[in-house]
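Chains as they are written, first to last, in this note's numbering: chain H, 1 to 711; chain Z, 1 to 502.
The beta-carbon is built from N, C-alpha and C at its ideal position, and this holds for glycine as well.
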Amino acid sequence: MKECISLKIDDKSVRCKKGSSILNAALMAGIYIPHLCHHPNLPDHEACKLCVVEMLGQGTIVASCSTEAENGMELVTNSPAVQKIRNLSIELIFSEHPADCTSCPKYLKCELQSVAQFMGLRGGRLKTVGKNISSDTRNPLFVRDMNRCIQCGRCVRACEEVRGVKVLDYCHTEDGSSIGIPDNKLMGEAGCRFCGACVEVCPTGSLRDKEGIINDTVPYEQALVPCQLKCPAHIDIPRYIRKLAKGEIEDAVAVIREKVPFPETLGLICNHSCEDVCRRGMVNQPVSICSLKRYAANFDSGSWKKHRIVKQQTGKRVAVIGAGPAGLTTAYYLCKQGHHVVVFERKNIAGGMLQFGIPKYRLSEDIVQREIRDILDIGIEIKCNTNITNPKLLLVEGFDAVIAATGAQCGSVLPIPGYTSEGALTAIGILEATARKEDIKIGKRVFIIGGGNVAFDCARTLKRLGCESIDLACLETRECMQASAEEIEEAFEEGIRVHPCKTFIRIVTDGKHVTGVETANVDSFTFDENNKLQLKITAEENHIYDCDMVIFAVGQQSETFDDVCGFTVGKANTLVTEPNSCQVLGSDAIFAAGDIITGTKFVISAIAAGRDAAIEVDQFLGGQGNIDEMLLDRNEQEPFIGRIAGFDKLERASEELLPVSERISGFKQTTKAYPDKTATAEAVRCLQCDLRRDIEKVKFWNSYDAVPSEE
Amino acid sequence: MRHELNINNAATRVVTKKWGRMSGNNIAEYINLGGFSGLEKVLKLKPEDVIKQIEVSRLRGKGGAGYPAGLKWRCCAGQTGEKYIVSNFSNCDNNNMIVNAMIHNDVYSAVEGIMIAGYAIGADSGIIFLRNTQAVEYNIISEALEQMRSSKILGKGILKSDFQFDIQVVMGKNNAEKGQEIIILRSLEGLSPVTVCNRPHAAEAGLNGKPTLYHSMETLASVPAILEEGYIETKIVQLVDTENDITLITEVAIGSSIGDVLERAGIPTEGIKAFSFGESMGAIFPPDRLGILLDFDGINNAGGAFGNAVIRILREKECLVDSVMHCYEVSSVECCGRCVFGRMGTAQIYETLKDITKKRGKVDDLDCMREIAEAMLLVSSCNQGKCAAQMILSVLDFFQNEFDMHIRRKTCEAQVCKGYRSYYISPEACDGCGKCLAKCQRDAIEGEDDYIHVIVQDMCDSCADCVSVCPNKAIRIVGESTPKIPDSPIPVGSWKQSRRRR
């Protein structure tokens, strides 16, 4: 326990801990002393001399940032001698700083501008020392506008002493001293880890994020970590990746599970939109956030369960209709809030699309059912083989709230001539039949209409079931196809022929059975104001693809509940809810989550929707609606990250693909998880954008209670 | 490279005793001249006794601050654990040749000093620091150390005793590493060469946090002499008299006056307009201050920089404003950059002086420079900043009239500052050859073949390129009186006619 001392600043009594600097003692007491090179997270270096104070009686002037406060000291912050030095300092700084504030991106957020405003003083009296250095935009993510540098040294201290990377330094050439990178190297070359600490501490507009990098429509703290912001469930991505870089895999699993209950599932099939906004992608390639999640999930020993809390029983009963990812997630969080949850599932086992839609070569049944067990184990009751067509009846039976999470399970079709012929099926139907291991009559030549993931799932499934000729065609161009690039590439390798830019005229039959599909080539297409498709067809002749099976993979619809419920239904039979709510329109106590509201989306959206519904329903039932949990200790983030050789050139690792022959001979998982070394190396690539949040924001003068008075 | 040494009886040969008596650094010759006898003596004494001798001698650091060496040695000796000796064998100023002269003429004395110090404080490791411009000296020192190792005077079992000591030579990385203890230690630690505040004393926690004895080369070179009879305190100084083309290095007893030093070195003291002590880190004095005593307090209190012992004589043909401006050109570029006042203070003074030499000086400029310099004295983060401030303050104090001439009377009496020089083409001498017009890069000369050429004053920036190409030496500097010249080019020979007509 450090001893407390007391001193007088401007005749005010101030107490502080022994060892504190005079400046810190003043600032913590709410007394403002102008400063620029001082920063709460950095060691003080006495560069700007703005913080000078006078020792009463002795007339000595010291810089308050680097002078230790001593018991009984008496100081004035605004004597004429001090004012002189302080004014001169600002004038000297402005003598080499561009005069025009308004054209600077840091306008109104600039600490130099704030201090100058406080002091009522700028340049003009002294000679201008011109610099004329052009902005350096060669580096990814950051701009170095050295014309605006005031050489306060904060960036050097942050990089060297806080982060331990030592990229920025005082450089000395025949033109004098400046702050930059020795030998004028690019940041990456010099070992920069792009953590952004230098940008965060720069008081002027000298070191900045490149325009458009920080999303200014959301709170700054969130914008700093784009991956977490983009993730619909807001998983703390940098944190779990950091754990993996250190080899703390169980901890990584715990971090993931703090937000989502399906880590391995997501690691295998998530659409990882987080990787699209990953800042590492602007250095070379994004971090393989998804593959790393899969790697971690493999080591899930369940140790996180020790910290899992199920709150006291509330006595409330909640019914969830549908045991897919949305339903199970909402059931999980509501059960943890202490409510009694019963899940009603129409099919014979839980899982929804995870079990019956996603092919087993992408997501095995073992994994799905294991993760579902971890959910149900906390005391959720599940009734399979139970079809609920009228949610309102459940309320009558005594449930206090009902959540409909039945998804979008009905495959849509294109109502072109011949669409009801024998052999014209839906992709969803094929996929479910395969999941049930039913005997499917596969055609010799299959034609799949659709370009999304479901179409490819179906194509590749049929390949594994023995179909030899598979053609897949869709409206979109190759680049705009909805399926992911990896999917399409793997499908190519497996021998599936892909035909983009096609429209479908009719299905040719022999009177009963499908024999072919007539297509025309599409030049371009748009959707008009009424969402109707407007096509421009080329002048080429139509083509008929021979086939004995046509599969529609053109979207899915939800099933409606009984009309007597009176639910309002939208496009594709989605349920309409109250604005900004999960509550079904006009229905007290009935809520919905997942595809049934939004139409088909990726799994992570369903999981996030499950969380949102749980929050709202918990509040509806009288709870706080707080489903946050801590599955591991919150240690303070280490600001020191050190150097890593060749950091900016570390390439993204891809998961190993099984050889094609092995893939199509059965339903084995197509990709292998990273080996340990690869996973660690991949995790190390992360820029750790979240560390920037830990850097304190400097307060401007108007946040302090007492400012030195005019003399 | 040999430096002229004033070898007559007037020079006091203590540290430089062996200069000129060896062919370069030759260990056998050094030993013949009595070298390493100091070390031999010391190895038979107790370390405590050695420290006492240093204390009694009242040796002070010759690097500039004049800190009592004995105090440092005693403090280091009192620490435990690993210790270092770090010696600065570099010149703090590009014009200062003293250190390199020491290295070329007798590096062993300083090395012997390092080892004696090592024995006394209990260190077994020494580091010699050089600037990145001293590649030649690096080789000389390395070779000398090798010779010592072969002769078993370095390494283990030195001179057949239990004492072991070795020395490493390190070259710095850039031109900011000059003579400052903190900067050199940081550089050796791999940190940026800038000064920092609140670093503990080197004797307690220096290089890598270990007790470090830091001395300049000259201080250590004095140590062997202290152990001999008849030691007196001396300083090696460099004397520069550009007008008389004299540059020499001599050793003088501390306590002599500067006037005495000059006379003994044969430099005429009449006609001295000003003299500086310490180059860009020191101050400039008028001739009536030649009585300043050459010792730490005398020089440092007067504003000079004792550690940069270069005495520069300025005579009539040199302009003080121009000289000072060049000093600030150097100090503004070589400043470490860490504090606003050091960096921007010297830059402001430099810009202001530049303007004055270009005839753009204003009356306020002098007060402004004084204000900045006084602030630098108060709050500069290191001594270099304070020294830089001294220079302009001394010039403002002693040579106000030079500034007045430049600013108010728009004249540079020494005719050095280009801004004050106007050139004209003598109409009598010009033969219209056109060579000057061809040479002029500013299009400031008008004329045609066989026409008297005329300089357009508005365009001319006095670069004087044309002066040297004129075969008739017709281009001259405008002196006290305005010359009579034509307004625009007229045929050659017609000027005399027009004058006759008058």
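ILE181/H burial status per 10 Å Cβ neighbour count (16 or more: buried): Counting Cβ neighbours within 10 Å, ILE181/H comes out buried, since at least 16 surround it.
CYS384/H: buried (16+ other C-beta within 10 angstroms of its C-beta) or exposed? Result: exposed.
Reduced DSSP secondary structure (H/G/I, E/B, other) of ARG13/Z: ARG13/Z falls in the coil class under three-state DSSP.
For CYS719/H, return the contacting residues in chain Z, with the cut-off set at a CB-CB distance below 8 Å. Nothing can be reported for residue 719/H: it is not among the residues displayed for chain H, which extend from 1 to 711.
To the nearest angstrom, how far is it from the Cα of THR357/Z to the Cα of TYR420/Z? Cα to Cα, the separation comes out at about 7 Å.
What are the boundary residues of the alpha helix (DSSP H) that includes MET115/Z? Where MET115/Z is concerned, the enclosing alpha helix (DSSP H) stretches over 108-121.
Helix, strand or coil for PRO286/Z? Go by DSSP, reduced to three states. DSSP places PRO286/Z in coil when its eight states are reduced to three.
Is ILE372/Z near GLN348/Z, with beta carbons less than 8 Å apart? Cβ atoms of ILE372/Z and GLN348/Z: closer than 8 Å.
contact_flag[the region 258-269 of chain H, the region 349-362 of chain H] where n(CB pairs < 8 Å) is 3 or more: Judged by Cβ distances under 8 Å, the region 258-269 of chain H makes contact with the region 349-362 of chain H, as three or more pairs qualify.
Closest Cβ-Cβ distance between ARG2/Z and chain H: below 8 Å? Here ARG2/Z scores only 46 on pLDDT, less than 50, and its place in the model is too uncertain to base an answer on.
What residues from chain Z crowd round GLU96/H, counting only those whose CB sits closer than 8 Å? Within 8 Å Cβ-Cβ: MET344 and ALA347.
Going along the chain, which residues of its own chain have a beta-carbon closer than 6 Å to the beta-carbon of SER256/Z, five neighbours each way excluded? Only LEU294 meet the Cβ criterion.
At which residues does the alpha helix (DSSP H) containing ASN301/Z begin and terminate? Here the alpha helix (DSSP H) through ASN301/Z covers 296-302.
To the nearest angstrom, how far is it from the Cα of ALA679/H to the Cα of ASN284/H? The straight-line gap from Cα to Cα measures roughly 18 Å.
Verify the CB distance criterion: does CYS433/Z have a CB-CB separation below 8 Å to chain H? Cβ-Cβ to chain H under 8 Å: no for CYS433/Z.
Can you look up ILE267/Z in the DSSP assignment and give me helix, strand or coil? Correct three-state label for ILE267/Z: coil.
Cutoff 8 Å: VAL198/Z Cβ touching any chain H Cβ: Strictly speaking, residue 198/Z in this sequence is Asn, with Val absent from that position. Interface with chain H (8 Å Cβ-Cβ cutoff): ASN198/Z is included.
Is there at least one Cβ from chain Z nearer than 8 Å to ILE133/H's Cβ? Interface criterion not met: the Cβ of ILE133/H is under 8 Å from no Cβ in chain Z.
Quick test of your reading: ILE27/Z and TRP73/Z, contact by CB under 8 Å. State the CB separation rounded to the nearest angstrom. So it is not a contact: roughly 26 Å between Cβ atoms.
Helix or strand or just coil, what does DSSP make of LYS512/H? The three-state reading of DSSP puts LYS512/H in coil, since its state is none of H, G, I, E or B.
Checking 8 Å against the spacing of the C-beta atoms, do SER713/H and CYS336/Z come in under that value? This structure does not reach residue 713/H, given that chain H is present from 1 up to 711, and the question cannot be answered.
Just the C-alpha distance for LEU472/H and SER524/H, rounded to the nearest angstrom, thanks. Their backbone Cα atoms lie some 19 Å apart in a straight line.
Start and end of the beta strand (DSSP E) containing CYS16/H? Element bounds for CYS16/H: 12-17.
Pick helix, strand or coil for LEU687/H, following the three-state DSSP scheme. Here LEU687/H carries a coil assignment [DSSP, helix/strand/coil].
Starting from the N-terminal side, write out each stretch of the alpha helix (DSSP H) that is 4 residues or longer and does not extend beyond the region 40-110 of chain Z. List check, alpha helix (DSSP H) in window: 47-57, 69-77 and 98-105.
Comparing C-alpha positions only, which one of LEU395/H, PHE447/H and THR204/H sits nearest to ALA427/H? Looking from the CA of ALA427/H, the closest CA among LEU395/H, PHE447/H and THR204/H belongs to PHE447/H.
Against chain Z, with Cβ distances strictly below 8 Å, would ILE716/H count as a contact? Because chain H here runs from 1 to 711, residue 716/H falls outside it and cannot be looked at.
Quick one: is THR352/Z near chain H, going by C-beta distance under 8 Å? Interface criterion met: the Cβ of THR352/Z is under 8 Å from a Cβ in chain H.
Based on DSSP bridge pairs, tell me the residues matched to VAL225/H. VAL225/H pairs with nothing; no bridge assigned.
Thinking C-alpha only, which one of GLY594/H, ALA47/H, ASN24/H and ILE615/H is nearest SER605/H? Of the listed residues, the one whose Cα sits closest to SER605/H is GLY594/H.
The beta strand (DSSP E) that contains GLU381/H, what's its start and end? First-last of the beta strand (DSSP E) with GLU381/H: 381-383.
Contact criterion: CB-CB distance below 8 Å. Does GLU371/Z meet it with respect to chain H? With its beta carbon less than 8 Å from one in chain H, GLU371/Z belongs to the interface.
So which of LYS83/Z, ILE392/Z, PRO489/Z and ASN139/Z has the shortest CA-CA distance to ASN100/Z? It is ASN139/Z.
So which residues of chain H does SER332/Z contact, with C-beta pairs closer than 8 Å? Ordered by position in chain H, the residues that pass the 8 Å Cβ test against SER332/Z are GLY176.
Nearest neighbour of THR389/H, chosen from PHE561/H, ILE470/H, GLU518/H and PHE399/H [CA to CA]: Distances from the alpha-carbon of THR389/H to those of PHE561/H, ILE470/H, GLU518/H and PHE399/H put PHE561/H closest.
For chain Z, find out if any of its Cβ atoms is closer than 8 Å to the Cβ of LYS18/H; answer yes or no. Judged by the 8 Å Cβ criterion, LYS18/H is not in contact with chain Z.
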